[in-house]
Amino acid sequence: MSDGIGARVKRKEDKRFITGKGKYTDDIRMENQAYAAFVRSPHAHAKVKGIDASAAEAMEGVVAVLTGAQLTGDGIGNLICGWAINSKDGSPMNMGPWSALATDRVRYVGDAVAVVIADSQKLARNAAEAVVVDYEELPAVAHADRALAKGAPQVHDNAPGNLIYDWGIGDDAATQAALKGSAHVTELHVTNNRLSPNPMEPRSAVATYDEAEDHYTLYTTSQNPHVARLVLSAFYNVAPEHKLRVIAPDVGGGFGSKIYIYPEEITCLWASMKTKRSVKWTSDRTEAFMTDAHGRDHITTAKMGFDKDGKITGFHVDTVANFGAYMSLFSSAVPTYLYATLLSGQYDIHNIYCNVRAVYTNTVPVDAYRGAGRPEACYLIERMMETAAREMGMDPAELRRRNFIQSFPHQTPVIMNYDSGDFPGNLDKALKAADIAGFPARKAEAAKRGKLRGIGYSCYIEACGIAPSAAVGSLGAGVGLWESAEVRVNPVGTIEILTGSHSHGQGHETTFAQIVSDRFGVPIDNVSIVHGDTDKVQMGMGTYGSRSGAVGMSAIVKAMDKVEAKVKKIAAHVLEASEDDIVIEGGEVKVAGTDRKMAWHEVGLAAYTAHNLPAGMEPGLKEGAFYDPVNFTFPAGAYIAEVEVDPDTGVTKIVQFTAADDFGTIINPNIVEGQVHGGVAQGIGQAILEQVVYDEGGQLLTGSYMDYAMPRADDVPFYTIEHNTTVCPNNPLGIKGCGEAGAIGAPPAVINAITDAIGTNDLQMPATPARVWAALNAARAP
Ligand code: MCN
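Those letters in the sequence shown? Residues 1001 to 1782, by this note's numbering.
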């Protein structure tokens, strides 16, 4: 089928997006709608001694001012972290209490203490300004390295020394011994800068309580509405699950930041019940910088040992991860099972040890952001490989080749079992496409123009489509990681796919339709995708961790298997043939080798008219399935960045970027390449531009686009993209996820290229012009 697997089909959903017809949460208008504005702490750390709402309450149009005391008084529970991680000594992680509205203490700038509900957004915001909060300021700590220092201000009473957990994986003693016996040891100190996710659409929620039905509806900017409903009902006690409908309509990007259930959704739902009004809240950009969960923020010291032939002997890693003021939903898993388990990279390493200390600070909570742990692992390994190659005087590509894993399955010492891949093949493709042979000439030509040209590699591997449920459960996950789907064939033969995955930019309406078209031969325009509504789709785990292709689509395939079996039974009965002889081809259901056939829609009709079905068969054509993967998928690739640095200003221009990726079977190359483009742009942003900055006292200094530098069109080059497919053996379509790869692989390639250009390894992200200029001049100093 021309619309099937592998076709470069244009995105079906784009028609409504590019004509401005998308329907986002803020577009929802309810009858009797009121607006919420949050009263937020201006202090990074303070006691809340009292709240005087009288002036605000007296303002015209103000419906109510609600506080944390009322919220907890109504039994609304604290926000939770859903993945239990124990310290090395077996003690549980120290989870500090997080109320949707703070009661006695605020712990970061932006922590909400009260909410004003009013007739308009403007009135609500004005009235929020009139709420007087009596704070007693406390000393604050904002940075991970300071949080562990003796005498640092303590963020939570139950977390002495701000330590959440002190976790380890691998064999410490064996790794230390391997390093001791090494011919060469490279040591690196690496900072993985804190990032703000910046989806184009800010977070928003519209909550309605129907008193007559005692029922709640929440429209929200969520990546996983079913998990939101589960958590809101089971843990936060906002509403019983069967009396809560969560709808995530069109969502304008998330990058992980919309996985979590934030204080605002909880508060809006509760406030709608209190005020008997629909309550809408939409974040502005400053609120987004202040309250959306941030990403990354690691500091790491690591050592990698090599034998005389350049084979890695051991990798020892010590990381401090900043979690901010509270433990967000997935936070605990990010620097543990999503980071340390990827520290083998693409290399055959026998000895790995990683220690992670997670700490509280007076900053906004940190959680998964595109790649979540895997970019931090990749950055560390790939900076290490390049630095080591330079120290040992080896070609960095050759050093990687000597250490590549060559056969699969491959068990690493840090849990992961890689199922497939072709690491040397990825690198070869990238080197060829990047015209590596021509680099010296390009460098010489740049030098004539007074520019320093450098080249940097990154060979990334990541684990996505987190699975299987039983295994992650044994590692502390509080949820299963399967996906569900239902395939409904209508009497006229059109098909609806109900899925628990959620698309917020990834093009599922197109790719999911493509696999159905491929299987049943119907045009993709006859297939519609239903998602994002807990009343329409029974259950789902949502979209994150590049799982919708490998897990969400596999559930659809399983449901299609069942539909196909029934279609064959019906056709065999009507056409008086054996089921084994029935084939589905080109939109027809045929008896193989004969001219007897039914059109696809005739089978649909037969299933519903039920005039001529096999004895005992139920009418209708609708099947559902749950799919629980047996392993992660392991996309991998080789990225090559080429940069030019202006030695007078330190400005870096990325002049060439080559990606050779292995995403298994590709459903839609356009969409996959779009995902790589976006991911690489974000990776370039992390490498040279973006950084959330808090001052020592916990004040956010990057609360707008004047201070937080996002990549713009002229910061990114035209990319060269190659595919080097090895099929994933563990899911029916052979897919590996592609949604995070770019953000994982790009940062080390860019920094390796800049450090190559300026001749020093001593450079941290973001490599701003000031930093590059300083590093260059420090390196040149006598
Ligand atoms: N696909 C394909 N062939 C493959 C793999 C995937 O055609 N071999 C298609 C899929 O069918 C899907 C798209 O590529 O249409 C991405 O699939 P997948 O890699 O499974 O990722 P998810 O759909 O689960 O999306 C999540 C991923 C993550 S984790 C982040 S973060 C991210 C990302 O997607 N956030 C995004 N890409 C984003 N893109 C946009 N525009 N906005 C975001 O917020």
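Heads up, the beta-carbon is just placed ideally off N, CA and C, and yes, glycines get one too.
By how many angstroms is the C-alpha of R1547 removed from the C-alpha of A1467?
9 Å
CA-CA distance, G1421 and R1400?
15 Å
Note down, in chain order, each residue of its chain lying with its Cβ closer than 8 Å to the Cβ of A1592, except the 5 sequence neighbours on either side.
D1581, I1582 and V1583
Is P1225 closer than 8 Å to V1246 when the C-beta atoms are compared?
yes
Can you tell me the Cα-Cα spacing of K1122 and M1541, whole angstroms?
Approximately 36 Å, taken between the alpha carbons.
Beta-carbon proximity of G1252 to M1200, cut-off 8 Å
yes
Touching or not, the region 1290-1303 and the region 1363-1377, by the rule of three or more beta carbon pairs under 8 Å?
yes
Q1406: which of K1568, V1231 and P1424 sits nearest, CA to CA?
Minimum Cα distance to Q1406 is reached at P1424.
Along the beta strand (DSSP E) that carries D1052, what are the first and last residues, could you check?
A1046 to D1052
For a test of your reading of the model: does the CB of E1740 fall under 7 Å from any non-hydrogen atom of ligand 2? Yes or no.
Absence of ligand 2 is noted for the structure shown, with ligand 1 being the only ligands found.
Please specify which runs of the alpha helix (DSSP H), each continuous and at least 4 residues long, are wholly inside the region 1053-1097, giving them in chain order.
1054-1057 and 1068-1073
Work out the CA separation of M1384 and L1343 for me, nearest whole Å.
11 Å
Cutting at 6 Å between CB atoms, please list the residues of its own chain near Y959, excluding the five before and the five after it.
Since the first and last residues shown for the chain are 1001 and 1782, residue 959 lies out of range.
Give the secondary structure of A1746 by DSSP, where H, G and I count as helix, E and B as strand, and everything else as coil.
helix
Whether G1674 touches T1286 by CB criterion (8 Å):
Not in contact: G1674 and T1286 (Cβ atoms no closer than 8 Å).
Compute every distance between the C-beta of Q1543 and the non-hydrogen atoms of ligand 1, then say whether any falls below 7 Å.
At residue 1543 the sequence reads Thr, which differs from the Gln that was named. True, at least one ligand heavy atom lies under 7 Å from that Cβ.
Please state if the CB of G1456 and the CB of E1391 are separated by a distance shorter than 8 Å.
no
Please confirm whether any heavy atom of ligand 1 lies closer than 7 Å to the CB of F1017.
no
Tell me M1598's beta-bridge partners as DSSP assigns them.
V1589
What does the Cβ neighbour count give for M1706, buried or exposed, with the cut at 16 atoms within 10 Å?
The residue in question, M1706, is exposed, as its Cβ has fewer than 16 Cβ neighbours within 10 Å.
Is there contact between the region 1352-1369 and the region 1321-1337, where contact requires at least three CB pairs shorter than 8 Å?
yes
Rounded to the nearest angstrom, what separates I1744 and P1197 at their Cα positions?
14 Å
Boundaries of the beta strand (DSSP E) in which R1453 is found, first to last residue
L1452 to I1461
Is V1645 near A1471, with beta carbons less than 8 Å apart?
no
Between Y1337 and S1272, how many whole angstroms is the CB-CB distance? I'm expecting something under 8 Å.
Between S1272 and Y1337 the Cβ distance is about 37 Å, and since that is not below 8 Å, they are no contact.
If you follow the alpha helix (DSSP H) that Q1656 is in, where does it begin and where does it stop?
Not the alpha helix (DSSP H): Q1656 falls in the beta strand (DSSP E), residues T1652 to D1662.
Per DSSP, L1244 forms a beta bridge with which residues?
The partner list for L1244 (beta bridge, DSSP) reads Y1216.
Is DSSP giving M1200 helix, strand or coil here?
M1200 carries a coil assignment under DSSP once its states are collapsed to helix, strand and coil.
Tell me the DSSP secondary structure of Y1236 in three-state form.
In the three-state reduction of the DSSP assignment, Y1236 falls in the coil class.
By how many angstroms is the C-alpha of F1439 removed from the C-alpha of V1772?
22 Å
From this set, D1171, W1167, R1146 and K1736, which residue's C-alpha is nearest C1464's C-alpha?
It is K1736 whose Cα lies nearest to the Cα of C1464.
Between which two residues does the alpha helix (DSSP H) holding I1381 run?
Per DSSP, I1381 belongs to the alpha helix (DSSP H) from R1374 to M1392.
From A1118, Y1236, G1345 and H1316, pick the residue whose C-alpha is nearest to that of T1275; which is it?
Comparing Cα positions, the closest option is A1118.
Run of the alpha helix (DSSP H) containing N1126, from where it starts to where it stops
Per DSSP, N1126 belongs to the alpha helix (DSSP H) from Q1121 to A1130.
Under 8 Å, do F1038 and E1265 count as touching if we go by C-beta distance?
no
Let me make sure I understand the geometry here. Which of Y1627, A1288, V1238 and Q1691 has the alpha-carbon closest to that of G1500?
Y1627
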